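Top to bottom, those sequences are chains A and B.
Here my numbering = 1-based position in the first sequence + 22.
Here my numbering = 1-based position in the second sequence + 22.
Think of the CB as a built atom: it goes at the ideal place given N, C-alpha and C, for glycine as much as any other residue.
All of these numbers come straight from a predicted model, not from anything done at the bench.
Protein chains: 2
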Amino acid sequence: MSHKPLILVTNDDGITAPGIRALVEAVAPLGEVVVVAPDSPQSAMGHAVTISKPLRLDKIRSAIYGKLQAYQCSGTPADCVKLAVSKVLHRKPDLLVSGINHGSNSSINILYSGTMSAAMEGGIEGIQSVGFSLLDFSYDADFTYAKKVARIVSKNILAGGLAPGTLLNVNIPRGPEAEIKGIKVCRQARAKWEEEFDERKDPNGRTYYWLTGKFVNYDKGEDTDEWALKQNFVSVVPVHFDLTAHESIANLNQWNWE
Amino acid sequence: MSHKPLILVTNDDGITAPGIRALVEAVAPLGEVVVVAPDSPQSAMGHAVTISKPLRLDKIRSAIYGKLQAYQCSGTPADCVKLAVSKVLHRKPDLLVSGINHGSNSSINILYSGTMSAAMEGGIEGIQSVGFSLLDFSYDADFTYAKKVARIVSKNILAGGLAPGTLLNVNIPRGPEAEIKGIKVCRQARAKWEEEFDERKDPNGRTYYWLTGKFVNYDKGEDTDEWALKQNFVSVVPVHFDLTAHESIANLNQWNWE
């Protein structure tokens, strides 16, 4: 019997993405690693789960994961976590790591992010969970420093533990390491996407739209993830999934409910 | 020029669902109503947005919405809100109402819910927003009392306003009205889905899974949405989208980040 921690690795960019392979390398020395990830990219899937289609779960037999247990799933990142616990691990892992995402999941992006949805699902299921994202969309991104961060954070979680009902959202600036100033614990910045739609005509003359836009930070605070990342710090935001605006309850009790 | 409030109506069950038609009837006396809703059911889509496919937006020319402006969109509920603001209304509406969902969106279901994702997207965009759900999955559900609740809540929002950065999650027990005890402002209960997967073989002998499970409330509090609904009250939960677990920041600052 091994007493090594059991570590579940997942992501939203799909099982063949360089980011998840970097994450596997980062956490492999810390425990027994099992990979269950989507069979295709699932970016911007939010916390979707698949209820109207059956799910497939297939063991990976190619060489990319060497001797590790690895599975691809036809569903969303949240589906992967649910299936992994029920049908692969048959118990809760000691740690769930999601990513390393190709691109930022700071601030409000946590709600749209498949990477963070997997970590959130882990948290909801009572698993210590963390999502990692590198601020570099490129397929050939350099994950060297991000791997180091992933290992430091994972070690801390395995050693000390997160408060019940919380998980971590970790965003990592592009390297090189020498230019990164360190790791900062932050709050989520008040920021949003200013949507623009690119309007086009198809060959039949019918209109269609591509979602596009720019990310705008309205938060002047120097304790936010956006501020930290702009200063070249790694941002670590503790996250919970009680969405109650507790401070509004008293006010709402004054409304006329008749 | 009309000074009537502009009200955007959307949902996740799709533009032909009885629930959204009930909601239109509920809010029509309060302002100028525009409907922009998915062209097909989008339940359990969480806060997904469509970035890898183009979106379609088509004016409804059938009689089901009479003289109202109504559009169907090929995307998710969050896409509908973004497209409505950018391409239909050309300004922020004074109120966004989402639903009435066929089925509960209480407690943790807010994260999985397309109905609440539309309301959340409205909130993020600075629109006063609310999602309504009736605890009845049936297509033939009786929306009489739910419509009354939707009108009371919408009137309150238009009159008094929600605190910035908040929205409402309203769940309504099955009637009849005589058995419903009133409206309670609540916090989100600590509850979760205990997943089970229904494992089957396809005609080729390959395994597939249906996601299923049961909802379990771990929260003994009498100030939660689950408690209120069980007692036959309507639950109103004020919701925000700052997911920071602020109380964990001090503890994380003690970790060894080297």
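Check: In angstroms, rounded to a whole number, what distance separates the CA positions of P115 of chain B and E47 of chain B?
Finding: Taking the first residue of the second sequence as 1, we reach residue 115 of chain B at position 93. Taking the first residue of the second sequence as 1, we reach residue 47 of chain B at position 25. So the alpha carbons of these two residues sit roughly 18 angstroms apart.
- Query: Is the CB of I4 of chain A under 8 angstroms away from at least one CB in chain B?
  - Reply: Absent from the model: residue 4 of chain A. The displayed extent of chain A is 23 to 280, so no value can be given.
* Asked: So which residues of chain B does V57 of chain A contact, with C-beta pairs closer than 8 angstroms?
  -> Here residue 57 of chain A corresponds to residue number 35 of the first sequence, with the count starting at 1. Ordered by position in chain B, no residue passes the 8 angstroms Cβ test against V57 of chain A, which lies about 18 angstroms from the chain.
Cβ of F219 of chain B within 8 angstroms of any chain A Cβ: Here the question's residue 219 of chain B lines up with position 197 in the second sequence. Closer than 8 angstroms: yes.
Is the beta carbon of Q210 of chain A sitting closer than 8 angstroms to the one on I179 of chain A? Here residue 210 of chain A is taken as the residue at index 188 of the first sequence, counted from 1. Here residue 179 of chain A is taken as the residue at index 157 of the first sequence, counted from 1. No; because the gap between Cβ atoms is not below 8 angstroms, this pair is not in contact.
Worksheet item: Residues of chain B with CB under 8 angstroms from A106 of chain A, in chain order?
Response: In the first sequence, counting from the first residue as 1, residue 106 of chain A sits at position 84. Ordered by position in chain B, no residue passes the 8 angstroms Cβ test against A106 of chain A, which lies about 11 angstroms from the chain.
_Comparing C-alpha positions only, which one of B:I132, B:D101, B:Q64 and B:Q91 sits nearest to R78 of chain B?_
Here residue 78 of chain B refers to the residue found at position 56 when the second sequence is read from its first residue. The candidate whose alpha carbon is nearest that of R78 of chain B is B:D101.
Which of helix, strand or coil DSSP assigns to D247 of chain A: As a working mapping, residue 247 of chain A is identified with position 225 in the first sequence. Helix at D247 of chain A.
- prompt: Exposed or buried, D34 of chain B, counting other C-beta atoms within 10 Å across all chains shown (16 or more means buried)?
  reply: Counting from one through the second sequence, the residue named residue 34 of chain B turns up at place 12. When all chains shown are included, D34 of chain B counts as buried.
_Per-residue contacts from W249 of chain A into chain B (C-beta, under 7 angstroms)_ = The count along the first sequence starts at 1 and reaches residue 249 of chain A at position 227. Per Cβ cutoff of 7 angstroms: no residues; W249 of chain A is ~14 angstroms from chain B at best.
**Asked** In whole angstroms, what separates the C-alpha of E269 of chain B from that of G204 of chain B?
**Response** Translated into the one-based positions of the second sequence, residue 269 of chain B becomes position 247. Translated into the one-based positions of the second sequence, residue 204 of chain B becomes position 182. G204 of chain B has its alpha-carbon roughly 34 angstroms from the corresponding atom of E269 of chain B.
Quick one: which residues of the stretch 166–188 of chain A get their C-beta closer than 7 angstroms to a C-beta of chain B? List them in chain order. Cβ contacts with chain B: I174, N178, G182, A185 and T188.
Worksheet entry | Secondary structure of C208 of chain B, DSSP reduced to three states | As a position in the second sequence, residue 208 of chain B is number 186, starting the count at 1. If DSSP states are grouped into helix, strand and coil, C208 of chain B belongs with coil.
Are the C-beta atoms of R78 of chain A and some chain B residue less than 8 angstroms apart? Residue 78 of chain A sits at position 56 when you count from the first residue of the first sequence. For R78 of chain A, the answer is yes, since a Cβ of chain B falls inside 8 angstroms of its Cβ.
Notebook entry, point to check: Using a beta-carbon distance below 8 angstroms, is G204 of chain B in contact with chain A?
Noted result: Looking up residue 204 of chain B in the second sequence gives position 182. For G204 of chain B, the answer is yes, since a Cβ of chain A falls inside 8 angstroms of its Cβ.
Query raised in the report: Listing by chain order, which chain B residues have their CB less than 7 angstroms from the CB of G278 of chain A?
Result: As a working mapping, residue 278 of chain A is identified with position 256 in the first sequence. Going by the sequence as given, residue 278 of chain A is Asn instead of Gly. The answer, in chain order, is N178.
- Query: Start and end of the beta strand (DSSP E) containing L190 of chain B?
  - Reply: In the second sequence, residue 190 of chain B corresponds to position 168, counting from 1. Element bounds for L190 of chain B: T188 to I194.
Checklist entry - Which residues in the same chain have their Cβ closer than 7 angstroms to the Cβ of D224 of chain B, if we skip the five residues on either side of it in sequence? => result The residue labelled residue 224 of chain B in the question sits at position 202 within the second sequence. These residues qualify, in order along the chain: Y230.
Can you list, in chain order, the residues of its chain with a C-beta nearer than 7 angstroms to that of E221 of chain A? Leave out the 5 residues immediately preceding and following it. Within the first sequence, the letter at position 199 stands for residue 221 of chain A. These residues qualify, in order along the chain: T229 and Y231.
List, in order along the chain, the chain B residues whose C-beta lies closer than 8 angstroms to that of I149 of chain A?
For the purposes of this step, residue 149 of chain A is taken as the residue at position 127 of the first sequence. In chain order: nothing, as chain B lies at least about 12 angstroms away.
How big is the Cα-Cα spacing for F255 of chain A and E199 of chain A?
In the first sequence, the residue the question calls residue 255 of chain A occupies position 233. In the first sequence, the residue the question calls residue 199 of chain A occupies position 177. For F255 of chain A and E199 of chain A, the distance between alpha carbons rounds to 10 angstroms.
- For my contact list, A44 of chain B and K169 of chain B are in at a C-beta cut-off of 8 angstroms; report their separation, rounded to the angstrom. Along the second sequence, one-based indexing puts residue 44 of chain B at 22. Along the second sequence, one-based indexing puts residue 169 of chain B at 147. Correct: roughly 5 angstroms between the Cβ atoms.
Exercise for review: Return helix, strand or coil for G183 of chain B, following the three-state DSSP convention.
Suggested key: Translated into the one-based positions of the second sequence, residue 183 of chain B becomes position 161. Correct three-state label for G183 of chain B: coil.
Fill in: Residues that L274 of chain A contacts on chain B, provided the C-beta gap is smaller than 7 angstroms
The residue labelled residue 274 of chain A in the question sits at position 252 within the first sequence. Within 7 angstroms Cβ-Cβ: V207, V258 and P260.
Contact under 8 angstroms by Cβ, P99 of chain B with P60 of chain B
On the second sequence, residue 99 of chain B is found 77 positions in, with the first residue counted as 1. On the second sequence, residue 60 of chain B is found 38 positions in, with the first residue counted as 1. Yes, these two residues count as a Cβ contact at 8 angstroms.
Quick one: is Q91 of chain A near chain B, going by C-beta distance under 8 angstroms?
Reading the first sequence from its first residue, position 69 is the one you call residue 91 of chain A. Closer than 8 angstroms: no.
- Message: Whole angstroms are fine: how far does the CA of K214 of chain B sit from the CA of E147 of chain A?
- Response: For the purposes of this step, residue 147 of chain A is taken as the residue at position 125 of the first sequence. For the purposes of this step, residue 214 of chain B is taken as the residue at position 192 of the second sequence. C-alpha of E147 of chain A to C-alpha of K214 of chain B: approximately 7 angstroms in a straight line.
Any C-beta of chain B under 8 angstroms from that of F154 of chain A:
Looking up residue 154 of chain A in the first sequence gives position 132. It does not; no Cβ of chain B falls within 8 angstroms.
Next on the checklist: Distance cutoff 8 angstroms, beta carbons only. Does Y134 of chain A sit that close to anything in chain B?
Outcome noted: If you number the first sequence from 1, residue 134 of chain A lands on position 112. Yes, Y134 of chain A lies at the interface with chain B (some Cβ there is under 8 angstroms from its Cβ).
inquiry  = With three or more beta-carbon pairs closer than 8 angstroms as the criterion, would you say the stretch 81–91 of chain B touches the stretch 116–133 of chain B?
reply    = no
| Count the other CB atoms within 10 Å of the CB of S139 of chain A; is the residue buried (16 or more) or exposed (fewer)? | As a first step, residue 139 of chain A is located in the first sequence; it is residue number 117 there, counting from the start. The residue is buried, with at least 16 neighbouring Cβ atoms inside 10 Å.
**Request:** Ignoring anything shorter than 4 residues or poking outside the stretch 92–175 of chain A, list the alpha helix (DSSP H) runs there in chain order.
**Result:** 99–105, 131–134 and 136–146
Specify, as a first and last residue, the run of the beta strand (DSSP E) that R78 of chain B falls within.
Working through the second sequence from its first residue, we reach residue 78 of chain B at position 56. From DSSP, R78 of chain B is part of no beta strand (DSSP E); its letter is neither H nor E.
Self-check item: Exposure label - V238 of chain A; buried when at least 16 CB within 10 Å
Solution: The residue labelled residue 238 of chain A in the question sits at position 216 within the first sequence. Exposed: under 16 other Cβ atoms inside 10 Å.
So that I know if they touch, is there some Cβ in chain A lying closer than 8 angstroms to that of G68 of chain B? Along the second sequence, one-based indexing puts residue 68 of chain B at 46. Judged by the 8 angstroms Cβ criterion, G68 of chain B is in contact with chain A.
* For chain B, is any of its Cβ atoms less than 8 angstroms away from the one on I37 of chain A? -> Locating residue 37 of chain A in the first sequence gives position 15, where the first residue counts as 1. Cβ-Cβ to chain B under 8 angstroms: no for I37 of chain A.
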